[in-house]
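Just below is one structure, and these are the notes that go with it.
Structure, rendered in structure tokens:
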């Protein structure tokens, strides 16, 4: 095939073929012949019009005279760009298509393409530079796609935080000051039990506004500000005159840490409780510097702190109960009653408990072990020390509002241990059910309002009782607002329930043994063999035990 058949158009950056029948049966033009001619005309790497090449070959190989045609079969093209924005406008990507013998892209083209597509925020300079560098290595028609702009989700503000400025005695009991030779010092705990008048107790750290987010189109995504929570006021404490974010003691006594505040109780301090002192019943907080002996009863309306042991005794307090050294009951034969009972309106904290009934409205924390106990709490149960060296929960019955966390659960001997976690689910489900019922009632009221409106519309305008019209309109407005509130409350409660359910668990940081019967929400799971570090949770398919 003669090279004169191909023509280079400098003006349009194209290559054309002068197509007319060769009428030489011995010379059949094939696609490879045209490709060779294109190479000779520096057409390698140009964009090829394949269908045009097919048409040209058909004309060249025709066996009859046809009118000559100039057919464009190749074209020089610059590199091209495609900008794509995600549906939520939180990211944008650029696809670069390699040049067909034309110009490669440069930085100004990238910037212009972004501006043209209104990508004005979150553009990453380093990503653009990487894309630019890689695009220069593309062969003709090759594509590369990279994200070059990223939006930012809003960071919601944090609610007010209340920080304790005095030691929590229960935390000191669980982690006392260490001395040499693996001994611990309990002597300084007595001083920690009380505060002086005017002493700072709690500081409030104000809520934060949060940080707004944005889309790549420059749209602002407003952050939800944190809630500025007020102090709760309790006896024996007040807000400082000099700092509205500080609570101080108005009297000497024992601090009781409550939700968003501190109560300072009058304190009764005794050395021991035994037959010589008699039972103790005090309206305030009690600090016992020694032990509570067998058969004794101690009752306090505030907190109760024992720096020694509690043995076969009854303790009851309106607030937290802290026992420094441990709680000792005894094994009963044929009697379901426990000779040692601890009942708290707040938390219970101790080193260990055995053959004891523990009942708390808040969390129960034991640093060494809980053996053959009957444990009930609306909060969480923790049987593990801070170093994760001690903590065995074995035998007895455990009913916990939320989660259980221990180092070891059960015993190698297969001791039956019954654990019911997330027992609060019934209460939470009832809240959801009650809200749903109110929602249905409001829908019924609105249906009745619509019927009343239809009846009123059938009455001529001049004859409609004005008072009745106003009453129906106001009632409709009221129930519409109630319906919206019920819907919002229902959605919020359901979301909170799902969130809590996803977080509650029964966790054994080291081992869970056979003989442990677990109940989590409405799902049961008997453990029939020993497992290493494990966590039991509820997932979509039901209850599951998985390694940590």
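Numbering (our numbering), first residue to last: 1253 to 1800.
Think of the CB as a built atom: it goes at the ideal place given N, C-alpha and C, for glycine as much as any other residue.
Look at residue 1750 here: in three-state DSSP terms it is helix.
Under the three-state reduction of DSSP output, residue 1592 falls in the coil class, being neither helix nor strand. In the three-state reduction of the DSSP assignment, residue 1555 falls in the coil class. Of all C-beta pairs linking the segment 1606 to 1624 to the segment 1587 to 1596, three or more are shorter than 8 Å, placing the two stretches in contact. Assignment of alpha helix (DSSP H) within the segment 1708 to 1785, counting only whole runs of 4 or more residues, yields 1718 to 1755 in chain order.
Residue 1507 counts as buried, since at least 16 other C-beta atoms from the protein chains shown sit within 10 angstroms of its C-beta. Beta-bridge partners of residue 1609 (DSSP): 1593 and 1626. Burial check for residue 1729: the Cβ neighbour count within 10 Å stays below 16, so the residue is exposed. The DSSP-derived three-state label of residue 1533 is strand. Shown here, residue 1341 sits in coil according to DSSP, grouped into three states, outside any helix or strand. If you ignore the 5 residues before and after residue 1522, its C-beta comes within less than 6 Å of the C-beta of 1540, all in its own chain and listed in chain order. A distance below 8 Å separates the beta carbons of residue 1584 and residue 1591.
Shown here for residue 1651: same chain residues with a beta carbon closer than 6 Å to its own, the five before and five after excluded, namely 1628, 1672 and 1675 in chain order. For residue 1482 and residue 1512, the gap between their C-alpha atoms comes out near 7 Å.
Shown here, residue 1395 sits in a strand according to DSSP, grouped into three states. The segment 1357 to 1366 and the segment 1443 to 1462 do not touch, with fewer than three beta-carbon pairs separated by less than 8 Å. Separation of the CB atoms of residue 1687 and residue 1625 is rounded to 36 Å, and the pair is thereby denied contact status at 8 Å.
Just measuring C-alpha positions, the residue of 1556, 1708 and 1480 sitting nearest residue 1413 is 1480. In the structure shown, residue 1287 adopts helical secondary structure according to DSSP, grouped into three states. Rounded to the nearest whole angstrom, the C-alpha separation of residue 1336 and residue 1346 is 6 Å. Note: residue 1799 is bridge-paired with 1786 in the DSSP secondary-structure output.
The straight-line gap separating the alpha-carbon atoms of residue 1570 and residue 1608 is approximately 19 Å.
Between the alpha carbons of residue 1669 and residue 1681 lies a distance of about 27 Å.
A Cβ-Cβ separation of about 7 Å places residue 1325 in contact with residue 1286 under the 8 Å criterion. Around the C-beta of residue 1290, 16 or more other C-beta atoms lie within 10 Å, and the residue is accordingly described as buried. Nearest neighbour of residue 1450 by Cα position, chosen from 1789, 1495 and 1653, turns out to be 1495.
Distances from the CA of residue 1647 to each of 1770, 1576 and 1735 were compared; the closest alpha carbon is that of 1770. Residue state for residue 1517 is assigned as strand, using DSSP reduced to three classes. Beta-bridge partners assigned by DSSP to residue 1374: none are found. By DSSP's assignment, residue 1401 forms a beta bridge with 1344 and 1375. Contact check for residue 1307 and residue 1323: beta-carbon distance about 6 Å, within the 8 Å limit, so the pair qualifies.
Residue 1566 carries a strand assignment under DSSP once its states are collapsed to helix, strand and coil. Residue 1472 has its alpha-carbon roughly 57 Å from the corresponding atom of residue 1663. A contact between stretches requires three or more CB pairs, one per stretch, nearer than 8 Å, and the segment 1756 to 1763 meets this requirement with the segment 1783 to 1797. A Cβ-Cβ distance of about 7 Å is found for the pair residue 1635 and residue 1644, placing them in contact under the 8 Å criterion. Restricting attention to 1777, 1373 and 1781, the CA atom closest to the CA of residue 1795 is found in 1777.
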